[in-house]
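Below is one structure, written out as structure tokens, with a few remarks after it.
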Amino acid sequence: MTARESDTTARQRIADALRDDPATASELSASVGVSVSSVYGHLQHVAQTVHGADGEQFLVAPPECKHCGFSAFDDPVNYPSRCPECRSEGIEEAVFKIE
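Below you can see the structure in the form of structure tokens.
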């Protein structure tokens, strides 16, 4: 961890990473150094913080079933375990971005 990273919270590092490039929760987990499940919790708070800040938007490309293409999941900030349409467990992760 660099000196800059030790001075910021995980949520700040996640928000900074999403301002730079789109990323999945797994990618954020690797770059920020927290578990994937923690990333999903942090993302919900980051989305609320960004919603009212300086005209920024928290954008989500929802998860998508690799088998049937279903992408209308109820909560795109959480990782679904399987597709509600075809029951496949092959789900592409959601991609997040702040712009």
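Start counting the sequence shown at 611; every next residue gets the next number (our numbering). We put the CB at the ideal spot given by N, CA and C, even for glycine.
Among the bridge pairs identified by DSSP, E674 is matched with E702. Looking at the backbone, the Cα of P686 and that of A671 are separated by about 8 angstroms. Relative to V660, the option among I624, F680, N688 whose CA is nearest is I624.
Contact between A633 and V705 is confirmed by a C-beta separation of about 7 angstroms, below the 8 angstroms threshold. Proximity to G700 across E709, F680, D684 peaks at F680, based on C-alpha coordinates. Of all alpha-carbon atoms in P694, E709, E666, the one lying nearest the alpha-carbon of P673 is that of P694. Our two residues, F668 and Q622, have alpha carbons roughly 14 angstroms apart in a direct line.
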